[in-house]
Amino acid sequence: MAVIDVFQYGVPAESDFGYAQAVKSGELIHVSGQLSLDEAGEFRHAGDFAAQLTQTHANVDRVLRHYGATRNQVVSQTLYVVDLRQNAAATAEGNRAYFGDHRPAATVLGVTELTFPGQAVEISLLVDTRLPAQGLSSGSGRGESAVPSSRR
Numbered sequence: 001m002a003v004i005d006v007f008q009y010g011v012p013a014e015s016d017f018g019y020a021q022a023v024k025s026g027e028l029i030h031v032s033g034q035l036s037l038d039e040a041g042e043f044r045h046a047g048d049f050a051a052q053l054t055q056t057h058a059n060v061d062r063v064l065r066h067y068g069a070t071r072n073q074v075v076s077q078t079l080y081v082v083d084l085r086q087n088a089a090a091t092a093e094g095n096r097a098y099f100g101d102h103r104p105a106a107t108v109l110g111v112t113e114l115t116f117p118g119q120a121v122e123i124s125l126l127v128d129t130r131l132p133a134q135g136l137s138s139g140s141g142r143g144e145s146a147v148p149s150s151r152r
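Just so it is clear: in the sequence shown, position 129 is 129 by full-length UniProt numbering, and no numbers are missing.
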């Protein structure tokens, strides 16, 4: 029988909208869209893309810590960015700073608006806890796997 571990911050939006911040099923963690919320669940940094991205990444780290996971176990992410043309360079810079040499699959979507007025970014992720917590080689970029064949 599969064990499901649901993580919540305990903020009103979770009960208002009926969702969890993350759900772990088996070895996979599905992380709901993270955004620039403080510990009390209040939206912060309206209109400041860089500050929102920093807070959003801090919230992702909080979810990962709950499960004992690391950034290196993130296998994919979806970023929702308001005014993508204006924020593309800051998105790329923030992503490189957050992940370092790790390269998860990513989809970046330009959107017209998000939940809160002034919200500019939201990020959802898929994490695989079977991967090593420390960095993997990214391979050559030519279809080579960084995961040993015995683990595929």
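Backbone N, C-alpha and C fix where the C-beta goes; we use that ideal spot for every residue, glycine too.
| Asked | Found |
| --- | --- |
| Through-space distance from residue 78 to residue 120, alpha-carbon basis | 14 Å |
| Close Cβ partners of residue 4 (< 8 Å) along its chain, the five nearest in sequence each way excluded | 23, 24, 25 |
| Other residues of its chain near residue 143: CB distance less than 8 Å, five sequence neighbours each side excluded | Low confidence applies to residue 143: its pLDDT is 48, below 50, so where it sits in the model is not reliable, and the reading given next is rough at best. Once the five neighbours on either side are set aside, residue 143 has no close Cβ partner at all. |
| Enclosing alpha helix (DSSP H) for residue 32 [first to last residue] | Where residue 32 is concerned, there is no enclosing alpha helix (DSSP H), although the beta strand (DSSP E) it sits in stretches over 28-34. |
| CA-to-CA distance, residue 131 to residue 75, given in whole angstroms | 9 Å |
| 6 Å Cβ shell around residue 53 - same chain, five flanking residues per side excluded | 94, 121 |
| Beta carbon of residue 80 nearer than 9 Å to that of residue 37 | no |
| Length of the line joining the Cα atoms of residue 6 and residue 20 | 7 Å |
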